[in-house]
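*Asks:*
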Amino acid sequence: MFKSRKVREADVWDGVVVDKSRGMTDGSSLYHYVEVRLQDGTAQKFRIDEALWNSLNTGDRLVKEAGAKAPVKG
Numbered sequence: 257m258f259k260s261r262k263v264r265e266a267d268v269w270d271g272v273v274v275d276k277s278r279g280m281t282d283g284s285s286l287y288h289y290v291e292v293r294l295q296d297g298t299a300q301k302f303r304i305d306e307a308l309w310n311s312l313n314t315g316d317r318l319v320k321e322a323g324a325k326a327p328v329k330g
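Count along the sequence shown from 1, then add 256; that gives the number in our numbering.
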């Protein structure tokens, strides 16, 4: 089964980047992903835009607020 990693506007989370990756999962487009350790201790992988991906390092904090289209470096 397919699991979307796309960030949705209704999502709310806060965490620390533990890994960055990129891949051509559909064979034609390059997607950028971050794995984030959330405050509850779980880890999730999210797809983000290239500009944000390039600005992040492991250990950086990301915050996604309700209504925002994308997370921001915090």
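Every residue gets a Cβ at the ideal spot worked out from N, C-alpha and C, and that includes glycine.
1) If I measure Cβ to Cβ from residue 326 and keep anything under 8 Å in the same chain, skipping five residues before and after, which residues do I get?
2) Using a threshold of 7 Å, state whether the C-beta atoms of residue 293 and residue 271 are closer than that.
3) Taking the alpha-carbon of residue 282 as reference, which of 260, 276, 298 and 301 has the nearest alpha-carbon?
4) Do residue 322 and residue 268 have their C-beta atoms within less than 7 Å of each other?
5) Apart from the five residues on each side of it in sequence, which residues of its chain come closer than 7 Å, Cβ to Cβ, to residue 287?
*Replies:* Judging by the given coordinates:
1) 263, 304, 305, 308 and 320
2) yes
3) 260
4) yes
5) 278, 279, 281 and 303
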